[in-house]
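Those protein sequences? They're chains A, B, C and D, same order as listed.
Start counting the first sequence at 1; every next residue gets the next number (the numbering used here).
Start counting the second sequence at 338; every next residue gets the next number (the numbering used here).
Start counting the third sequence at 675; every next residue gets the next number (the numbering used here).
Start counting the fourth sequence at 1012; every next residue gets the next number (the numbering used here).
Number of protein chains: 4
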Amino acid sequence: MTLRFALLGAGRIGHVHAKAVAGNPDASLVAVADAFPDAANKLIASYGGARRSIDDIAAARDIDAVLICTPTNTHADLIEKFARSGKAIFCEKPIDLSVARVKSCLDVVATENATLMIGFNRRFDPHFLAMKAAIDQGKIGEIEMINIISRDPGAPPPSYIESSGGIFKDMSIHDFDMARFLLGEEIETVIASASVLVDPAIGKLGDYDSANVILTTASGKQCAISNSRRASYGYDQRIEVHGSKGLVSAENQREFGIEIATADGYTKPPLFDFFMTRYLAAYAAEISAFVAHLSDKTSASPSGADGLKALIIAEAVLLSVKEGRAVKIGEIGGKAK
Amino acid sequence: MTLRFALLGAGRIGHVHAKAVAGNPDASLVAVADAFPDAANKLIASYGGARRSIDDIAAARDIDAVLICTPTNTHADLIEKFARSGKAIFCEKPIDLSVARVKSCLDVVATENATLMIGFNRRFDPHFLAMKAAIDQGKIGEIEMINIISRDPGAPPPSYIESSGGIFKDMSIHDFDMARFLLGEEIETVIASASVLVDPAIGKLGDYDSANVILTTASGKQCAISNSRRASYGYDQRIEVHGSKGLVSAENQREFGIEIATADGYTKPPLFDFFMTRYLAAYAAEISAFVAHLSDKTSASPSGADGLKALIIAEAVLLSVKEGRAVKIGEIGGKAK
Amino acid sequence: MTLRFALLGAGRIGHVHAKAVAGNPDASLVAVADAFPDAANKLIASYGGARRSIDDIAAARDIDAVLICTPTNTHADLIEKFARSGKAIFCEKPIDLSVARVKSCLDVVATENATLMIGFNRRFDPHFLAMKAAIDQGKIGEIEMINIISRDPGAPPPSYIESSGGIFKDMSIHDFDMARFLLGEEIETVIASASVLVDPAIGKLGDYDSANVILTTASGKQCAISNSRRASYGYDQRIEVHGSKGLVSAENQREFGIEIATADGYTKPPLFDFFMTRYLAAYAAEISAFVAHLSDKTSASPSGADGLKALIIAEAVLLSVKEGRAVKIGEIGGKAK
Amino acid sequence: MTLRFALLGAGRIGHVHAKAVAGNPDASLVAVADAFPDAANKLIASYGGARRSIDDIAAARDIDAVLICTPTNTHADLIEKFARSGKAIFCEKPIDLSVARVKSCLDVVATENATLMIGFNRRFDPHFLAMKAAIDQGKIGEIEMINIISRDPGAPPPSYIESSGGIFKDMSIHDFDMARFLLGEEIETVIASASVLVDPAIGKLGDYDSANVILTTASGKQCAISNSRRASYGYDQRIEVHGSKGLVSAENQREFGIEIATADGYTKPPLFDFFMTRYLAAYAAEISAFVAHLSDKTSASPSGADGLKALIIAEAVLLSVKEGRAVKIGEIGGKAK
């Protein structure tokens, strides 16, 4: 049975998900909503579907699921609306920039018994999954330490930064989710340092562009995350997990596996340029997983609670930077349910 | 406009091409023919189309192109049939095991002014194309020497070997085509050595499973090819091109970009297991190129002449092994037109 | 002119330095002092020299320089003694575990105008020097972030831990020095997290075996350090420096540059097993640099002040772990001179 | 006991061996002979010894062994002279350019029961030895195919080429020896192709600068060798051995293990520039092995017979190129004893 999707928000990430839906034999794109008709039509031209209003989509009988790819400040309202109208929901991270708002939204999801999956795409990257499989098979023994290096190729414009929630809620939140995904244990304490080194405009907005974060679990496992908004050499996405018996690492990926050797040295091409190319397979697998969750009636994963927990870590990290101290996760509006 | 395809031969390589057609937005699979109805139906279940006879397909008005994936000994007849019935033709290599038969077949193609493209999939591999682009951009200067290592993961059964035409026409032919593709100059002389090291049954059939070949052009450029029917570590597919200013190499590819370090060392996973996985992107690009040739009315490439030239090299190499001497390409039934 | 050395302390690191002296055409090992005659004699058998008492060495006219490789708690006294007796001094890190004691010791060195070089061997590693040269040539633009992964192959016995000063003064101190060496700017603030994951006995002694540290300079440059007392796969010594225009990384080194591919994957040998092998060239270059400093009458580098500054960072890091907060370097007994 | 060496020939390779002797605790350089006093004195200034005539050395009681590093056309006469005067002999390859002359020379060595070791330095490279150990431990099963890529960084001047014996006797001879060393079975047949692509002056002298060679054993094992006199990217020295269960490869080596990533890609430094740097450890190990052979009274290896066999392969390869045919080793003046 084909799952019929409506896509809300025909921007950059909307295109990414529309492509994944179009390429999935068990899914089809039925409707697209965007405040800008041109944007919706352009996406429709590539991936199909018809332009419809959000209210139409909520009321529609021929739509099973929605993909929420609108601006962050609309996510929670839309999740509630579609939870109430009985649609399965896939929502881009973050659910909201406010922990309290996320909690009230998840209450509605729970009340309505709605299916909600959050777009932490990296969990579906085949390389990271191979890494997780190696860990689960015991190949590195007990996890002791995780090192994540995660750098965007270039800083977004100040206009984007302004409504992004800042580097931790916008960018590092993916790394916080990966830390939880891989550690198999919740984060208890965070400590972090952040600077403005890439673009002073980012600093003027009260945000940071360069940061290092240390997450620690109750048993003392640690995850060190290194973030930058700039990497001249491509989209730098590395994870390594060090355990009692060994280390598993996931290397950066590049489009072309060639090397040119000259008198200047041996050169491999730069990395994939950004998430649309680097995580192409992950986005496809993510939509497949969502479709499978609905078919199997299993709980969607990553769940709304996963979204909340990553957001709480982001809040804690921000507080650590501001106050120059270790922050307990429990300080941030109580533990996630 | 969507190009409507009929697929002839629903075996392993038929599935590979059907997948490429199904995933191509400008192509659709309309018909499938196979002597075994079950094979056809199984392919149809995955990639669409309806079962039809070869004669129906030849007569059909709703079919633009055929993909010939049947046994080699039927290729030339089918090419002639569909050339005469006005279909565009994509045919798996080799066209035939006999140089004379290939020539007579290509005469029909020429007379009918038919479009014929030969399935040398490696020309479409993104990594090899990036290598070719680097060469064309002058990054390594003038080409002097090419080294190809090309090993299958395991030897096929004797039944396959028997009708394969032998290692040079069946397996090395891809390497001969890549040599021509990259050298930018025709092969003039070949010299080769071959052994039976993997499976004595292969030797009993008069074939070889391990071979080294040196191809030389008129200007003295050389291409050394190393083939084996067995590689425990996966499908070993490497090319490097050495020039006056540098070297460009295309590395082996693997599914998972991870590395596990333990007291036993640092281990990366084995390579892709065979052509269906290693050359997945190449097969898709190959069908796209065929579609594009038809849309643009450009000559299909690699052409029938490319198929003939690679076959002539294979004949020359076999003669070199048998007679223990350098063989001129011109000795093999005259130069390809 | 050959520089005549006395070696104090014929233990493991004493052997490393004796080997470097023996292999240096401009140096010779004249005297060896150790409380255990057998230890001294064993070293003498391999690298030459005669057994003498520390007082003899201090008074000797035929000795130009001393190599202090004795237990840490004797370093400061010996430095003062040999400063007063006019010998050039090379001392293993750390000078002392107490910042105050190091300062008083360095006062004596200054008063006596003695030459003192501290054994931060990694500054002399050819790979790290090549990295530094690339940075100095502007290849990566302005430094923004450094990531150091530094793991010992296995934890030392509790008896060693007990007098080591703890992981930060004993092990991480090398990384703190490299951070200063590469950053080109002093550390202003530190934050850190530490756990006991490898050996509970280490925890019982109040020490840690797994730690992550973030050092920040006044301009916001950051250095993230990841330490562990255990790495099953060898002596893990990696540094990468991320700048505005690029990244330079120094890879791990191994003894044998081979790779074995089988059905289980592609395996390279484990890393060098520890500092004696990994930093063999660095130790030789370190002694050469010391000899060159004396010949050229240049100030020895790394200096006593470098030793003090690294120790102060270690104290600050320990305080950060204990108090769960960012610690300013200035809190630790004032800035180093 | 220290072995006392005389060095004959104070050129480039003489310096390499003098350095190895000087760095060996069981060897000392006592005498140096060279037709050019300045050359001898320069070497003596670096590595010790006194200038003496060849006749003095032959008659000397304080000299145990000679290192023959003179021009090739003097090797055989010197070997005979020192065999007769009772010195142990280490001689650079090749013994002579004529198979007949080598045979008569080895007859004298046999009659005098002299110790003779030939300078095939690559057998002592630690990476190649690790590769050989892996093979001997059965890690790749039965050897089926060897691929050697061996390229010099740049072509020597015509004056050198003129007396070199040509690419096969001068350069490829090392690869022929490695093939024999690794295969564990004698070569039976050779075929080859050679061109002039680097320097027309080399062609004018009747030599080649680019060649591919295939060596085959009686059991059908093959070794493919790819040679060039030019490699812009350094001294290209790679070997891989493919067996029934796997592949072992020895990678190229470089001085600095760093990588610089920028918008232009990821770049590692060029390779070691030539044999003096690439095989530094091998040259030291070679002299150690020679010293050990003399101490243990074991037969020196590689022996004079090894030198002869490699030369015979070179002759056979040259004949194959000239006549465009497979050449049996037995055609070249009979099998080596």
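The C-beta atom is built at its ideal place from N, Cα and C for all residues, glycine as well.
Owing to the predicted nature of the structure, the values given are computational and were not obtained by experimental measurement.
Counting only beta-carbon atoms, is residue i nearer than 8 Å to chain B?
i       : result
C/K942  : yes
C/G939  : yes
C/S900  : no
D/E1155 : yes
A/S195  : no
Using the Cα positions of residue i and residue j, report the straight-line distance between them to the nearest angstrom.
i       : j       : result
C/K1009 : A/Y283  : With a pLDDT of 44 at C/K1009, under the threshold of 50, the predicted position of this residue should be treated as unreliable, though the coordinate-derived value follows. About 51 Å.
B/K674  : D/K1256 : Caution is warranted here: a pLDDT of 41 is assigned to B/K674, below 50, making its placement in the model unreliable, and no coordinate value can be reported.
C/Y953  : A/Y266  : 25 Å
D/L1018 : D/K1098 : 12 Å
A/V108  : A/R122  : 27 Å
D/H1028 : D/I1298 : 8 Å
D/F1217 : C/T676  : In the sequence as presented, Phe is not what sits at residue 1217 of chain D; that position holds Gly. In a straight line, the C-alpha of D/G1217 is about 53 Å away from that of C/T676.
D/S1239 : D/A1166 : 9 Å
B/A465  : B/A629  : One detail in the question is off: residue 465 of chain B reads as Phe in this sequence, not Ala. Distance between the alpha carbons of B/F465 and B/A629: 20 Å.
D/L1329 : D/R1063 : 39 Å
B/A651  : B/A642  : 14 Å
A/S219  : C/R825  : 20 Å
Examine chain C for any beta-carbon lying closer than 8 Å to the beta-carbon of residue i, and answer yes or no.
i       : result
D/K1092 : no
A/L319  : no
A/N252  : no
D/I1151 : yes
B/T599  : yes
D/G1257 : yes
Quick one, are the C-beta atoms of residue i and residue j less than 8 Å apart?
i       : j       : result
C/A750  : C/R775  : yes
A/I95   : A/C105  : yes
B/A653  : B/V527  : yes
D/P974  : D/A1292 : Since the first and last residues shown for chain D are 1012 and 1348, residue 974 of chain D lies out of range.
D/V1041 : D/L1054 : no
D/A1300 : D/F1135 : yes
D/G1335 : B/A663  : yes
D/E1266 : D/P1280 : yes
D/L1322 : D/I1100 : no
A/G14   : A/C69   : yes
B/A377  : B/A347  : yes
Taking 8 Å as the CB-CB limit, is residue i close to chain A?
i      : result
B/G543 : no
B/F593 : yes
B/H464 : yes
B/A471 : yes
Between residue i and chain D, is there a C-beta pair that is closer than 8 Å?
i      : result
C/Q911 : no
B/I391 : no
B/E525 : no
A/K335 : Confidence at A/K335 is low in this model, with a pLDDT of 44, below 50, so its placement is unreliable and no value can be given for it.
Stretch pair the stretch 1271 to 1282 of chain D + the stretch 1190 to 1209 of chain D: three plus CB contacts closer than 8 Å: no
Extract the residue ranges of the beta strand (DSSP E) inside the stretch 58 to 110 of chain A, only unbroken runs of 3 or more that lie entirely within it. 65 to 68, 88 to 91
Using 8 Å as the cut-off, can you tell me whether the stretch 911 to 928 of chain C makes contact with the stretch 874 to 887 of chain C, which would need three or more C-beta pairs spanning the two stretches below that distance? no
Quick check for students: name the residue ranges of the beta strand (DSSP E) that lie wholly in the stretch 443 to 528 of chain B, counting only runs of 3 or more. 453 to 455, 480 to 488
Restricting to runs no shorter than 4 residues, where is the alpha helix (DSSP H) found entirely within the stretch 1268 to 1337 of chain D? 1286 to 1289, 1291 to 1307, 1315 to 1334
Count the CB pairs spanning the stretch 1150 to 1161 of chain D and the stretch 1235 to 1243 of chain D that are closer than 8 Å, and state whether there are at least three. yes
Could you give the uninterrupted runs of the beta strand (DSSP E) lying entirely in the stretch 215 to 255 of chain A, keeping only those of 3 residues or more? 222 to 228, 236 to 243, 247 to 250
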